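Heads up, the thing below is written out as structure tokens.
Protein chains in written order, with the numbering used here: chain U, 118 to 353; chain S, 1216 to 1439.
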């Protein structure tokens, strides 16, 4: 019998090691797996490389992980969202490395990593500072740059519903990077507001098939960054 | 003489002018900020389908408080609604729409646009700036037509339409057409070309505020 459920976020992140590369789902607060991130802060792993579209807001979730100085490098498309102060302060103080990647290139690099494609060519960023130092090649009279697939040790994502086999459905624009990140890590950990038995979900509508998911944690009422920030929360 | 009250188009009037040039049924991505106003000026009888790169096709306006969902947002992270026929998808699919040439139009803001269509709209390159690019480089590289909506000059009065961009580029030779408060200007193989002046704005007034020559009678000249 397959049952990928873990009893708690704490147990699900227990083996994340110092220096690990971790993909964290979310576009702004939509899809941010706050409970898994908070469990990772409690767990204490450091020297992490984080792959995530943004850098968090306020003093909770991803911003709290950065504030705890557990992250040495972030791979990101847009680290300066309104309400984001932790990353800018760390960056200006030289305490965190930033690899800035165009959003579509970031998505495709993760997709490629998960699909066993080591690198690909794209015209995105040609002629810009983000193409500097990258190999380029002309296809059909147009210059393209070589971008490499990304893989990670762990992925942390948030689903709406998961089953015991790790099949996942998402909520609206919270889906964003999660389906690709699920494919690109050695260990993919999902927090889901609802967890059901295998067979309860219609196979026609599964978004992330369970083969890509290793651990499922039931988080019935996940916190939202905006609500925590309005309440003046900080973690820990 | 230009009177001190010469103002050209307001932001809403620019948005309305952009909307006039978008065919019915177009799939459109509106950038954050001033381009978002285009959605409020859709001409009667036309429907545009809005793409937001964080994973929604069929984006609708700001929702009523009762229907507001923190996980139903646009690329600017503001809460939005969904129209009948909307679809959600992941980032790889969303950028396949952009990078695969499936969207008809991208409307973006600008820091600078060059006469050859180079666009700079993500960074001034200042030492203390936090670099952030989002999907802009993907949009300009992949979408068939790229419209820029911008004030003609900066707050300091410097031209934003220039011979060569001095800020870091978003993309090379990517802009199709520029809509400013003073004029509509095409980017052509020969440089900037006037399409239309805002009411009451003389051509010389626009040229004086532009950092590169504007072809005034492009349509006539290309017919020769």
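For each residue, glycine too, the CB sits at the ideal point set by N, CA and C.
Predicted model, so just to flag it, every value in this text is computed and none were measured.
Residue(s) in a DSSP beta bridge with residue i
i, result
"residue 1244/S", "1266/S, 1321/S"
"residue 122/U", "333/U"
"residue 1374/S", "1368/S"
"residue 261/U", "254/U"
"residue 166/U", "138/U, 190/U"
"residue 1382/S", "Paired residues: none, contrary to the question."
"residue 285/U", "279/U, 325/U"
"residue 147/U", "144/U"
"residue 1315/S", "Note: residue 1315/S sits in no beta bridge, so no partner."
"residue 1363/S", "1323/S, 1393/S"
"residue 351/U", "176/U"
"residue 216/U", "192/U"
"residue 1334/S", "1328/S, 1386/S"
"residue 1429/S", "1407/S"
"residue 1345/S", "In DSSP, residue 1345/S forms no bridge with anything."
Distance CB(residue i)-CB(residue j) smaller than 7 Å
i, j, result
"residue 1260/S", "residue 1298/S", "no"
"residue 1253/S", "residue 1295/S", "no"
"residue 301/U", "residue 227/U", "yes"
"residue 1390/S", "residue 1363/S", "yes"
"residue 142/U", "residue 298/U", "yes"
"residue 310/U", "residue 280/U", "no"
"residue 273/U", "residue 323/U", "no"
"residue 1310/S", "residue 224/U", "yes"
"residue 1325/S", "residue 1336/S", "yes"
"residue 241/U", "residue 1305/S", "no"
"residue 275/U", "residue 161/U", "no"
"residue 139/U", "residue 167/U", "yes"
"residue 1385/S", "residue 1358/S", "no"
"residue 352/U", "residue 181/U", "yes"
"residue 1408/S", "residue 1433/S", "yes"
"residue 1270/S", "residue 284/U", "no"
beta-carbon residue i near the ligand ATP non-hydrogen atom, thresh 6 Å
i, result
"residue 138/U", "As for the ligand ATP, it is missing from this structure, which has no ligand bound."
Enclosing beta strand (DSSP E) for residue i [first to last residue]
i, result
"residue 1401/S", "1398-1403"
"residue 276/U", "269-280"
"residue 302/U", "302-313"
"residue 1296/S", "1296-1303"
"residue 1408/S", "1406-1412"
"residue 1328/S", "1327-1329"
"residue 236/U", "236-239"
For residue i, the first and last residue of its enclosing alpha helix (DSSP H)
i, result
"residue 141/U", "First-last for residue 141/U: 138-141, but that is the beta strand (DSSP E), not the alpha helix (DSSP H)."
"residue 155/U", "151-160"
"residue 1421/S", "1418-1423"
"residue 1229/S", "1226-1235"
"residue 227/U", "220-232"
"residue 204/U", "203-209"
"residue 344/U", "342-347"
"residue 183/U", "178-184"
"residue 316/U", "Premise fails: residue 316/U is in no alpha helix (DSSP H) and is neither H nor E."
"residue 1351/S", "1351-1357"
| said: Across the segment 327-334 of chain U and the segment 118-125 of chain U, are there enough close Cβ pairs to call them in contact, namely three or more that are closer than 8 Å? | reply: Enough Cβ pairs lie closer than 8 Å, so yes.
| said: Under 8 Å, with one C-beta from each stretch per pair, do the segment 225-240 of chain U and the segment 197-208 of chain U reach the 3-pair mark? | reply: At 8 Å Cβ cutoff, the stretches do not touch.
| Name the residues in the segment 1270-1290 of chain S whose C-beta lies less than 7 Å from a C-beta of chain U; which are they? | Residues of the segment 1270-1290 of chain S with a C-beta atom less than 7 Å from some C-beta of chain U are 1270, 1271, 1284, 1285, 1286, 1287, 1288, listed in chain order.
| request: State whether the segment 1225-1245 of chain S contacts the segment 165-172 of chain U, with contact taken as three or more CB pairs (one from each stretch) at a distance under 8 Å. | output: Segment contact: the segment 1225-1245 of chain S against the segment 165-172 of chain U, fewer than three CB-CB distances shorter than 8 Å; contact not assigned.
| said: Under 8 Å, with one C-beta from each stretch per pair, do the segment 208-218 of chain U and the segment 187-196 of chain U reach the 3-pair mark? | reply: A contact exists between the segment 208-218 of chain U and the segment 187-196 of chain U.
| Do the segment 1325-1335 of chain S and the segment 1389-1409 of chain S meet, that is, are 3 or more Cβ pairs less than 8 Å apart? | In this structure the segment 1325-1335 of chain S lies against the segment 1389-1409 of chain S, because at least three pairs of beta carbons, one per stretch, are closer than 8 Å.
| Is the segment 146-157 of chain U touching the segment 124-131 of chain U, taking contact as three or more C-beta pairs under 8 Å? | Contact annotation: the segment 146-157 of chain U touches the segment 124-131 of chain U, with at least three C-beta pairs closer than 8 Å.
| field | Cβ-based contacts, 9 Å cut-off: residues of the segment 330-348 of chain U near chain S | value | Under the 9 Å Cβ criterion, the segment 330-348 of chain U contributes 341, 342, 343, 344.
| message | Which residues of the segment 1382-1394 of chain S have a Cβ closer than 7 Å to any Cβ of chain U? Give them in chain order. | response | Those residues of the segment 1382-1394 of chain S that come within reach of chain U (Cβ to Cβ, closer than 7 Å) are 1383, 1384, 1385, 1386, 1387.
| Cβ-based contacts, 9 Å cut-off: residues of the segment 1346-1373 of chain S near chain U | Residues passing the 9 Å Cβ filter: 1346, 1347, 1348, 1349, 1350, 1351, 1352, 1353, 1354, 1355, 1356, 1357.
| task | Can you give me, in chain order, the residues of the segment 1312-1336 of chain S that have a beta carbon less than 7 Å from any beta carbon in chain U? | result | 1313, 1314: these are the residues of the segment 1312-1336 of chain S whose beta carbon lies less than 7 Å from some beta carbon of chain U, given in chain order.
| query | What are the residues of the segment 180-203 of chain U that lie near chain S, defined by any Cβ-Cβ distance shorter than 7 Å? | reply | Among the residues of the segment 180-203 of chain U, those with a Cβ less than 7 Å away from any Cβ of chain S are 194, 195, 196, 197, 198, in the order of the chain.
| Are the segment 1417-1430 of chain S and the segment 1373-1390 of chain S in contact at 8 Å, needing three or more beta carbon pairs? | Contact annotation: the segment 1417-1430 of chain S touches the segment 1373-1390 of chain S, with at least three C-beta pairs closer than 8 Å.
| task | Compile a chain-ordered list of the residues in the segment 291-304 of chain U whose CB is closer than 9 Å to at least one CB of chain S. | result | For the segment 291-304 of chain U, the set of residues with a beta-carbon nearer than 9 Å to any beta-carbon of chain S comprises 291, 292, 293, 294, 295, 296, 297, in chain order.
| request: Taking only beta carbons into account, state which residues of the segment 147-167 of chain U come closer than 9 Å to chain S, listed in chain order. | output: Listed by position along the chain: 147, 148.
| request: For the segment 232-248 of chain U, enumerate the residues whose C-beta is nearer than 8 Å to any C-beta of chain S, in chain order. | output: With the criterion set as a beta carbon lying under 8 Å from some beta carbon of chain S, the members of the segment 232-248 of chain U are 239, 240, 241, 242, 243, 244, 245, 246, 247, in sequence order.
| field | Interface residues of the segment 1297-1310 of chain S facing chain U [CB-CB below 9 Å] | value | Among the residues of the segment 1297-1310 of chain S, those with a Cβ less than 9 Å away from any Cβ of chain U are 1297, 1303, 1304, 1305, 1306, 1307, 1308, 1309, 1310, in the order of the chain.
| task | Could you please tell me which residues of the segment 1253-1268 of chain S, in chain order, have their CB closer than 9 Å to any CB of chain U? | result | If the cut-off is 9 Å between Cβ atoms, the segment 1253-1268 of chain S has 1267, 1268 near chain U.
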